[in-house]
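Before any comments, here is the structure.
In my numbering, the protein residues as written are 13 to 387.
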């Protein structure tokens with residue numbers, strides 16, 4: 013076997029081995045057998061909520077075990093192809109085997125990322141709030157650029173993306189917007205995007221073409237489903253109604269159908285203008301508030317509440333998680349992981365996976381790096 017093929021094979025085996033160790037293969041199989049036995053018991057469905065939780069655990073384990081087993085079988089088949097091709101001097105068969113090894117390696121890499129999405133709320137849908145920082149039109153335009161970026165990322169992922177709230181900027185851009193992403197692991201993928209995002213560019217609004225720095229904040233929190241109960245005292249909340257706005261004439265109402273709910277003890281405020289019915293917007297806003305309060309509790313459990321609060325309270329220097337430089341050079345750099353891209357246009361068109369994967373890995377494995385910001 014040629015050395016380069018052997019190297020590819022060894023790398024694929026190593027990747028599968030990492031998946032086995034992360035899953036704790038022997039314990040996972042033991043637990044799956046236990047769950048299978050429990051699910052066949054006559055009293056299993058007496059407690060429907062507990063049964064559903066166990067079934068979700070069983071499905072997750074089955075998916076991971078079957079996925080690793082499939083990779084191992086495909087790798088064996090690829091090795092057989094290569095050995096057969098070499099014995100018969102058939103270069104086409106050897107090439108087919110090499111391609112199969114690469115496919116296994118690519119799928120193993122994808123599964124390694126999926127194993128990072130194992131948090132309590134990772135599988136849920138998610139809300140994404142976007143707010144400009146100080147700077148008026150510049151920051152409001154930057155906020156709208158981020159709105160488009162996340163929409164494009166969601167489209168790449170085949171998520172359903174809905175606009176729940178949208179406030180036009182004074183001259184351009186937006187004052188605020190809230191999106192909902194619907195799809196498997198939507199919150200798990202987007203949760204690392206919470207924080208301040210910094211843009212450096214030649215201002216399109218400055219007649220002297222000077223370079224400007226703008227800031228906008230992203231706030232991500234999971235959609236709470238029926239399994240999660242969050243109690244809210246309505247007397248602790250203030251409810252305001254207002255007239256909906258929208259870009260390009262969309263979502264514009266002639267009545268005060270948009271709803272904003274402020275949770276006074278925490279200062280958390282949510283808004284919804286998706287529907288023309290105030291009643292429906294009010295119900296959705298309550299769902300969003302429950303989700304925000306749940307997200308606060310998740311952050312406490314992760315002991316990251318202080319950092320998250322800092323990123324929310326000051327949308328400016330010293331709090332950014334990522335910088336996007338468009339002039340005089342082009343570079344996007346994540347200030348937590350050091351991951352960078354020299355193609356800002358691609359990033360702003362939704363090419364965010366590399367940044368998200370690195371941040372997820374950092375959260376799971378706890379690795380920290382010293383990263384300097386860029387001018």
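For every residue, glycine included, the Cβ atom is placed at its ideal position computed from N, Cα and C.
Simplified DSSP state of residue i, which is helix, strand or coil
i	result
residue 335	strand
residue 174	strand
residue 291	helix
residue 89	helix
residue 77	helix
residue 299	helix
residue 247	helix
residue 143	strand
residue 54	coil
residue 196	coil
residue 15	helix
residue 102	coil
residue 352	strand
residue 270	strand
residue 227	strand
residue 188	strand
residue 59	coil
residue 47	helix
Beta-carbon separation (whole angstroms), residue i vs residue j, contact threshold 8 Å
i	j	result
residue 235	residue 149	With 8 Å as the limit, residue 235 and residue 149 do not qualify as a contact, their Cβ atoms being about 32 Å apart.
residue 195	residue 163	Wrong, their Cβ atoms sit about 13 Å apart, outside the cutoff.
residue 200	residue 135	7 Å
residue 310	residue 132	7 Å
residue 394	residue 299	Nothing about residue 394 can be read from this structure; the chain reaches only from 13 to 387.
residue 167	residue 362	7 Å
residue 294	residue 233	So it is not a contact: roughly 19 Å between Cβ atoms.
Contacts around residue i, its chain only, beta-carbon distance under 8 Å, and the 5 residues preceding and following it disregarded
i	result
residue 22	none
residue 339	212, 213, 214, 223
residue 114	20
residue 158	142, 209, 228, 230
Proximity below 9 Å, CB of residue i to CB of residue j
i	j	result
residue 231	residue 141	yes
residue 6	residue 360	Past the boundaries of the shown model lies residue 6; the chain is included only from 13 to 387, so the question cannot be answered.
residue 349	residue 381	yes
residue 292	residue 176	no
residue 160	residue 242	no
residue 50	residue 66	yes
residue 366	residue 351	yes
residue 415	residue 269	A query on residue 415 cannot be resolved here, the shown segment of the chain reaching from 13 to 387 and no further.
residue 334	residue 210	yes
residue 186	residue 179	yes
residue 283	residue 188	yes
Own chain partners of residue i with C-beta closer than 6 Å, once the 5 adjacent residues on each side are dropped
i	result
residue 251	273
residue 93	105, 108, 109
residue 35	76
residue 127	34
residue 147	226
residue 287	293
Between the CA atoms of residue j and residue i - distance to the nearest angstrom
i	j	result
residue 290	residue 108	60 Å
residue 24	residue 84	9 Å
residue 44	residue 58	21 Å
residue 96	residue 173	48 Å
residue 30	residue 124	8 Å
residue 102	residue 121	29 Å
residue 368	residue 197	13 Å
residue 87	residue 116	7 Å
residue 227	residue 155	8 Å
residue 373	residue 28	17 Å
residue 153	residue 130	35 Å
residue 317	residue 111	Low local confidence applies: a pLDDT of 37 at residue 317 is under 50, so the model's placement there is unreliable, with the coordinate-based value given in what follows. If I take the Cα positions, the gap works out to 46 Å.
residue 254	residue 306	26 Å
residue 165	residue 356	14 Å
residue 63	residue 40	19 Å
residue 46	residue 345	46 Å
residue 182	residue 246	33 Å
residue 37	residue 171	31 Å
residue 98	residue 71	41 Å
residue 319	residue 308	The predicted position of residue 319 is uncertain, since its pLDDT is 49 and thus under 50; no value can be drawn from it.
residue 388	residue 91	The requested residue 388 does not occur in the structure, where the chain is confined to residues 13 to 387.
residue 26	residue 89	17 Å
residue 219	residue 145	22 Å
residue 48	residue 54	13 Å
residue 202	residue 42	32 Å
residue 370	residue 343	17 Å
residue 221	residue 358	24 Å
Closer than 8 Å: residue i CB and nearest the ligand ADP heavy atom
i	result
residue 190	No copy of the ligand ADP occurs in the structure displayed, which carries no ligand at all.
Nonlocal neighbours in the same chain, by C-beta distance under 7 Å from residue i, ignoring five residues either side
i	result
residue 347	332, 333, 334, 335, 383, 385
residue 364	165
residue 56	50, 63
residue 17	94, 110
Minimum Cβ-Cβ distance from residue i to chain E less than 9 Å
i	result
residue 366	Structure shown: chain E not included; a single protein chain is present.
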